[in-house]
Structure formats: C-alpha cells, structure tokens
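Residue numbers (my numbering): 56 to 599. I have placed the structure first, in the form of structure tokens, so that the comments after it can refer back to it.
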Amino acid sequence: MAGATSARRVSGSAPAISFDVIIVGAGFAGMYMLHRLRSLGLSAVVLEAAAGVGGTWFWNRYPGARCDVESMQYSYSFSEELQQEWRWAERYASQPEILAYANYVAKKFNLLPDIEFDTRVIGAVYREEDCRWLVSTDRGTQFRAKWCVMATGCLSAAQTPNIRGLDTFKGRVYHTGNWPHEAVNFSGQTVGVIGTGSSGIQVIPEIAAQAKHLYVFQRTPNFSVPARNRAMDSEYERSWKKNYAERRAMARSMPAGILCQVGAKSALAASPEERNQEFERRWAQGGTGLTVAYSDLLRDVEANETAAQFVRDKIRTVVENPTVAELLIPMDHPIGAKRICSDTKYFETFNRENVTLVDLRANPIRDMGSDGITAGLDFFKLNSLVLATGFDAITGALSKIDIVGRHGLSLREKWRDGPNTFLGLMSSGFPNLFVVTGPGSPSVLTNVIVAIEDNVEWIASCIVHLLKVDGEYIEATSSAEETWMEQVQKAVEGTLYPQAKSWYLGANIAGKRAVFLPYVGGLPTYQRICDEVAAMGYSGFKIG
Ligand code: N01
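Shown next, in the form of structure tokens:
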C-alpha cells in the first residue's frame, strides 16, 4: 500500500521504545512473523524502509514483473479462510496482483498499526548488560527488544553496475529492482536495457512493444522457458480450494516446496524419442518444470545437456536471424545451474525490427556519456537506460545494516569470507537475532512463501520455548554452525550448481567471496533437521 501510514509515529528525538520483538522488513516474512507473534501475545514492531508492505513486490514494479511459481501455490497457507477467499486472476500472478494480495493480508489481519513505514534500519547492537537489541533507523529513532528478526529478503539489495560515466547520462536511468511508482512511458524513445536475467527477460518484451527502438545489452545469454501464462481456470482453482490443506502438505513434501511433477528416472535411461516427447510436453505446459523432468538433470552433465540442447534448439526455431539466435543461446553453464527464467515472448522479441541485440562479450561496455553508451567501437544514442542488473542476493540486505553482536563482533566482518549460520536461522555471536530464509537455508531454491512460513513457525516456537524455560538468550554454537556450513557445502558438491557463475554463489558482486549460499538438500530434509533440533531442546544452540 503506497503511502500507508501506521497509527504510531515515532519522533526522532524520543527515547528507544521497547517491544518484545523487532522485525525488520514488511514483506511476506515480516508480515507473517508479526501475525504469529501477536497470536502469542507478544508485542512487536515491524520496521520497513518502503512506504508499504510487500517487500520485493513493492519495489519490483517494472512492466512484465510476474511470479514464476503458480498463484495457487505462491500464497500463504497459514489461514484457510484467506486461501479460500482470495481469488487469483491468472495462472502466474503479476506484480500488481501480488502487491494487492499483500495489502489485503495486511488489512485482513490488521497488521498496519504495528508497522513503521519509510523507516530504514541502519544499525542493530546487542547489549550484553541486559540481553537486549538496540535498533536504530535512518529517521533517528531507536527501538529496543529482547528478540530481533531479520525478515530482510533474499533479493532486496539492488545492484547497480559500476559503469564509467553512468552519472553523466542525461536521460532517465531505471533499475528493475527499484522501479518508480508512476507509469513510465517509453513511447517514441530509444531505450537500452542492460541485463538478461529473469528481470531483463520479463521487461524486454514490454519495452520493445512501446519504444521506438530497444537495444538489449547482453553479457551472458540465459535459458528461458515460456510461462504460458493465462487467465485462471476456474475448475483448476476449485480443485485446489477443495483440497487446499492436502495439496499444501504434498507441496511441503517436495524438494522445492512446490507441487509439481518431478521425474524419478534418469534422463539417460530414456530413449532420445521418449526424452524429446517429455521435454515437448513440459515446454507446451509452460513454466519451469522442464528442469525437473528427470532426476539427474542437475547432477549429471550428460543428462543436463539433453535438456539444454532441447532449449537451444527451441531458441533456434523461434529466432529468425540465425546470428542473433546463436548469440542468445547459452553455452557457458548447465541449464538450471543459474535460476532458470520464465518468459512471455522473450525470444520472439528479437524478431522485431525495433530491437537490436548488442553482444557485450564481443563489445564490452566502455563508458557512458550524456547521450548514450559506448560498447566496443560502437556508440548507442539513448533516451533512457534500464538496469536489469540484479541483486546482492541473500546476504546483501543484511550487510547493509551495521549489525553488532557480542564483544563488538560485526556481522559484516564475521561474514567477510562467506556467511556462517546454523540452519540459516542464527549466527553465533549474535544471540536472539533470527534470520528468515537466511544463508544456509533452502530459501531461493523453493517456493519462498513456504520456506518463510516454516522459518517463521520455527522462530515462534523457539521464542515460546525460551519463555517457558525463562531463557534470557539463545545463540547458535560455533561448532553447530561449522558443521552445518560443511553440510551446506557438501550438499551442493554433488550437483551442477557450482558450474555457473550465478548470484547463488555471489559471483555477480565484485569482491564477494564465492560461497554457495542456499542449502540444496531440499525443503523436507531441511525442515526435518530444524524440527529435530527443536525436539532435542534446541541442540546446537546455547540457551542462557
Ligand atoms: O538478476 P540476475 P535478475 N554489465 O542477477 C547482467 C528473481 N526474479 O534481477 O550474467 C552487463 O539474474 C548480468 O549479466 P551476467 C529470480 O530468482 C524472479 O534478472 O553477470 N551486464 C545478468 O544478465 C532471479 O534469478 C522473477 O553476465 C550486467 C543480469 O544483469 C533473481 O530474481 C523475476 C552487468 C542480472 O541478472 C535475479 O534476477 C525477476 C554489467 N556490469 C527476478 N551487471 C520471477 O519470478 C549485471 N549484468 C519470474
């Protein structure tokens, strides 16, 4: 809700206000955390940099922004009433619809009075003397609480590339991850888009349909599958709503927390005809299910190559100019090792007369001037530039905050060579500081709303336990953390993920240590471990 205001406005000069819990972020994680804590009778405040709820869906308002998990699944499961009454318009929801849903939830559960909007958290310090977190904001306000929950999101720190002269460009520069609220009209303009990840692949067809000319500056081609989005089929919706609880439970038993057909057989055990038929079926169905057609697509190079080759051939069929087609074909990474993209007429867009693909591998960007961009020996005159250049993922939002734990330990310093957490939920040296979908949890490899709900439930139960045993603090032990991080790295070793220079590894951020950030062992395994840890009295944690 743009411009939403909370009932309580805290003035900059007031002393720190105390709560049981401070939650940072009013996206899907922060909203549910607030609701859950309230149900326990605890007092909580949510501090949110944006003017409204929704997190990533508040900021990523670029044309074409849409979820790649089906709407019937990309939604909260905690309230039967909510999931019955909300009606999704499309198979894959658009950003405005998801934002409307977030606002509906905020209203339905009366969350707004406990959210401080337009309030960016800049620091959080643990005070050993009273085991409390002191959180400070860019408004000069301070908040104090026993527990602090970082619900800061995995893809919330937008990344602007370091292009010489970018600030001298006299046209408008947009970032997909921080899109303006007012409608942007590219009609009659020559526009440049840098970046061909999920955001670029969604925004490019929309801008092409409006602009006079569009230059797509591509450094690395990406695999993308057609979304085949369509209006919600009412029979499909009814079938979900009739069995919602059962289907949600089934989804939770799947590795990504998404109910879909996961092939149990090796791709190499199928004949080429059989494989082709299966890939064609999934291509026609639309969505990202192609990469789970066989059990070993993300484990075996040869198996992976069968799917990669199928998509490469599709690109050759769709793109009319063979030279352009070859430039759009990814050859440098296994399919699925980078997050696969889902599109609506992306490759078709390169058949338009008003679209030019600029290959940055052959012609790297040299600099920008007031009128445009120079790549290789060519100058491209532009009216507007769109940066679809991604995020400092998973750790970026946390490292923007100056978080200081025991003995003056800085989280940024501790994580300089890669983040260390136990279960992605807590980091040793930072008592009572929880992270939702933190590094070392399955987070971005799942339907993130499922991962969020499970983490929030775990944190809520942990707080209940602490209250029961009269614990002042809970903290991950460094040995549990070390063992968990070894497990996280071990889980990824047998997969093809490390073969791509992706944001999963932090490879898109200069100077970021290459460490695989999410846990690839799957949501059910992860959840089982979290539950066992809790059942054993929070083994691996110190309670004092
Ligand atoms: O970001 P990205 P994204 N010069 O990092 C290029 C989720 N999401 O915002 O690959 C030139 O994937 C960069 O090139 P390269 C989803 O999880 C979901 O698109 O580094 N190019 C790349 O092409 C997704 O994976 C949805 O060589 C530069 C692009 O910018 C994640 O968010 C929709 C450059 C960045 O791609 C991130 O996606 C949108 C430079 N200096 C996002 N710097 C859906 O649900 C970067 N690039 C569908």
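Where is the CB? At the ideal position from N, CA and C, for every residue including glycine.
Margin query: Taking 8 Å as the cut-off, is the beta-carbon of C336 closer than that to any non-hydrogen atom of the ligand N01?
Written below: In the sequence shown, counting from the first residue as 1, residue 336 sits at position 281. Looking at the sequence shown, residue 336 is not Cys but Arg. It does not: the Cβ of R336 is nowhere closer than 8 Å to a heavy atom of the ligand N01.
Check: Can at least three beta-carbon pairs, one atom from the region 237 to 251 and one from the region 352 to 372, be found at a separation below 8 Å?
Finding: Three or more Cβ pairs closer than 8 Å define a contact, and the region 237 to 251 falls short of that threshold against the region 352 to 372.
Item checked: Rounded Cβ spacing between L442 and G250 (contact assumed at less than 8 Å) -> Here residue 442 refers to the residue found at position 387 when the sequence shown is read from its first residue. Here residue 250 refers to the residue found at position 195 when the sequence shown is read from its first residue. So it is a contact: roughly 6 Å between Cβ atoms.
Margin query: Here's the rule I'm using: 16 or more other beta-carbon atoms within 10 Å means buried, otherwise exposed. How should Y291 be labelled?
Written below: On the sequence shown, position 236 is the one that residue 291 refers to. Counting Cβ neighbours within 10 Å, Y291 comes out exposed, since fewer than 16 surround it.
Next item on the list: Just the C-alpha distance for E476 and S465, rounded to the nearest angstrom, thanks.
Entry: Reading the sequence shown from its first residue, position 421 is the one you call residue 476. Reading the sequence shown from its first residue, position 410 is the one you call residue 465. According to the sequence as given, residue 476 is Thr; it is not Glu. If I take the Cα positions, the gap works out to 14 Å.
Note to self: Below 8 Å on the Cβ atoms is my contact criterion, and I expect I218 with D422 to pass it. Report the Cβ-Cβ distance as a whole number of Å.
What the structure shows: Within the sequence shown, residue 218 is the residue found at index 163, counting from 1. Within the sequence shown, residue 422 is the residue found at index 367, counting from 1. Yes, they are in contact, since the Cβ atoms of I218 and D422 sit about 7 Å apart, within 8 Å.
Item checked: Member of M86, C186 and I72 whose CA lies at the smallest distance from the CA of L166 -> On the sequence shown, residue 166 is found 111 positions in, with the first residue counted as 1. Here the closest residue by C-alpha is M86.
Notebook entry, point to check: At which residue ranges does the region 384 to 449 contain complete alpha helix (DSSP H) runs of 4 or more residues, listed in the order of the chain?
Noted result: 401 to 404
Check: In the DSSP assignment, what are the bridge partners of D457?
Finding: The sequence position of residue 457 within the sequence shown is 402, counting from 1. DSSP, once it has assigned bridges, lists G178 as partnering D457.
Notebook entry, point to check: Does the Cβ of D330 have 16 or more other Cβ atoms within 10 Å, making it buried, or fewer, making it exposed?
Noted result: Position 275 of the sequence shown, counting from 1, holds the residue named residue 330. The question names Asp, but residue 330 in the sequence shown is Arg. With 16 or more Cβ atoms within 10 Å of its Cβ, R330 is classed as buried.
Notebook entry, point to check: Opposite K597 in the DSSP bridges: which residues?
Noted result: The residue given as residue 597 occupies position 542 in the sequence shown. Bridge partners of K597: E530.
Next item on the list: Report buried or exposed for S483, applying the criterion of at least 16 other Cβ atoms within 10 angstroms of its Cβ.
Entry: As a first step, residue 483 is located in the sequence shown; it is residue number 428 there, counting from the start. Buried.
Check: Which residues in the same chain as R91 place their Cβ atom closer than 6 Å to its Cβ, once the five residues preceding and following it in sequence are excluded?
Finding: Translated into the one-based positions of the sequence shown, residue 91 becomes position 36. So the qualifying residues of the chain are V511 and A515.
Item checked: Option nearest V190 by Cα separation, candidates E183, R199, F278 and Q138 -> For the purposes of this step, residue 190 is identified with residue 135 of the sequence shown, where counting begins at 1. That would be R199, whose Cα lies nearest to the Cα of V190.
Checklist line | Buried versus exposed call for G255 [16 or more other C-beta atoms within 10 Å across all chains shown] | finding: For the purposes of this step, residue 255 is taken as residue 200 along the sequence shown, with counting starting at 1. It is buried - the Cβ of G255 has at least 16 other Cβ atoms within 10 Å.
Next item on the list: For R367, count neighbouring C-beta atoms within 10 Å of its own C-beta (all shown protein chains included) and say buried if the count is 16 or more, exposed if not.
Entry: Translated into positions along the sequence shown, residue 367 becomes position 312. It is buried - the Cβ of R367 has at least 16 other Cβ atoms within 10 Å.
Notebook entry, point to check: Under 9 Å, do V505 and R307 count as touching if we go by C-beta distance?
Noted result: In the sequence shown, residue 505 corresponds to position 450, counting from 1. In the sequence shown, residue 307 corresponds to position 252, counting from 1. Yes, Cβ-Cβ distance for V505 and R307 is below 9 Å.
Next item on the list: Give a single yes or no on whether G250 has its beta carbon closer than 8 Å to a heavy atom of the ligand N01.
Entry: By one-based count along the sequence shown, residue 250 stands at place 195. Answer for G250: yes, Cβ within range of the ligand N01.
Next item on the list: For W539, collect the residues of the same chain with a Cβ closer than 8 Å to its Cβ; drop the 5 residues on either side in sequence, then sort them by chain order.
Entry: Counting from 1 along the sequence shown, the entry for residue 539 is found at position 484. Contacts found: T476, F477, L478, G495 and G595.
Notebook entry, point to check: Skipping 5 residues on each side, what residues in its chain have a beta carbon closer than 7 Å to that of K163?
Noted result: Locating residue 163 in the sequence shown gives position 108, counting from the first residue. For K163, where only same-chain residues beyond five positions count, the Cβ hits under 7 Å are L137.
Note to self: Going by C-alpha to C-alpha distance, which of L323, N376, A339 and A304 sits closest to D351?
What the structure shows: Here residue 351 refers to the residue found at position 296 of the sequence shown. Closest option to D351, Cα to Cα, is L323.
Check: Measuring CA to CA, which of V570, L500 and V524 is closest to D472?
Finding: Translated into the one-based positions of the sequence shown, residue 472 becomes position 417. Looking at the Cα atoms, V570 is the closest of the given residues.
Checklist line | Endpoints, the beta strand (DSSP E) within which T192 is located | finding: Against the sequence shown, residue 192 aligns to sequence position 137. R187 to T192 is the extent of the beta strand (DSSP E) around T192.
Item checked: Bridge partners - G247, DSSP secondary structure assignment -> As a first step, residue 247 must be located in the sequence shown, where it is residue number 192. DSSP, once it has assigned bridges, lists Y270 and L440 as partnering G247.
Check: In chain order, what residues of the same chain lie with their CB nearer than 8 Å to the CB of G391, ignoring the 5 residues before and after it?
Finding: Locating residue 391 in the sequence shown gives position 336, counting from the first residue. Excluding positions up to five away in sequence, the list reads F278, T346, L352, L353, N359, A362 and L551.
Check: Contact between the region 167 to 178 and the region 101 to 118: three or more CB pairs below 8 Å?
Finding: yes
Item checked: Residue(s) in a DSSP beta bridge with V204 -> Reading the sequence shown from its first residue, position 149 is the one you call residue 204. DSSP, once it has assigned bridges, lists I78 and F489 as partnering V204.
Notebook entry, point to check: Hey, out of S126, P276 and R407, whose CA is closest to L415's CA?
Noted result: Residue numbering aside, residue 415 sits at position 360 when the sequence shown is read from its first letter. Looking at the Cα atoms, P276 is the closest of the given residues.
Item checked: Reduced DSSP category for H462 - H, G, I as helix; E, B as strand; rest coil -> Along the sequence shown, one-based indexing puts residue 462 at 407. Here H462 sits in helix by DSSP.
Check: Just checking my contact of A348 with G312 at CB under 8 Å: how many whole Å lie between their CB atoms?
Finding: Taking the first residue of the sequence shown as position 1, residue 348 is located at position 293. Taking the first residue of the sequence shown as position 1, residue 312 is located at position 257. Contact doesn't hold; Cβ gap of about 19 Å is too wide.
Next item on the list: Please check the pair S454 and P573, which I expect to be a contact at CB under 8 Å, by giving their CB distance rounded to whole angstroms.
Entry: For this step, residue 454 is matched to residue 399 along the sequence shown. For this step, residue 573 is matched to residue 518 along the sequence shown. In this structure S454 does not touch P573 by the C-beta definition: roughly 17 Å separates them, more than the 8 Å allowed.
Notebook entry, point to check: How big is the Cα-Cα spacing for R116 and A238?
Noted result: What you label residue 116 is simply residue 61 of the sequence shown in a count that begins at 1. What you label residue 238 is simply residue 183 of the sequence shown in a count that begins at 1. Their Cα atoms are separated by approximately 10 Å.
Item checked: First through last residue of the alpha helix (DSSP H) which encompasses Y117 -> Taking the first residue of the sequence shown as 1, we reach residue 117 at position 62. Note, Y117: premise wrong, no alpha helix (DSSP H); not H, not E.
Next item on the list: Return helix, strand or coil for I514, following the three-state DSSP convention.
Entry: Locating residue 514 in the sequence shown gives position 459, counting from the first residue. Three-state DSSP puts I514 in a helix.
Next item on the list: Under the assumption that T399 contacts P579 (Cβ atoms under 8 Å), give the Cβ distance between them as a whole number of angstroms.
Entry: Sequence index remark: in the sequence shown, residue 399 carries index 344 (1-based). Sequence index remark: in the sequence shown, residue 579 carries index 524 (1-based). Cβ-Cβ separation between T399 and P579: approximately 32 Å, too far for a contact (criterion under 8 Å).
Next item on the list: Verify the contact flag: R616, CB atom, against every heavy atom of the ligand N01, threshold strictly below 8 Å.
Entry: The chain is shown only over 56 to 599; residue 616 falls outside these bounds and no answer can be derived.
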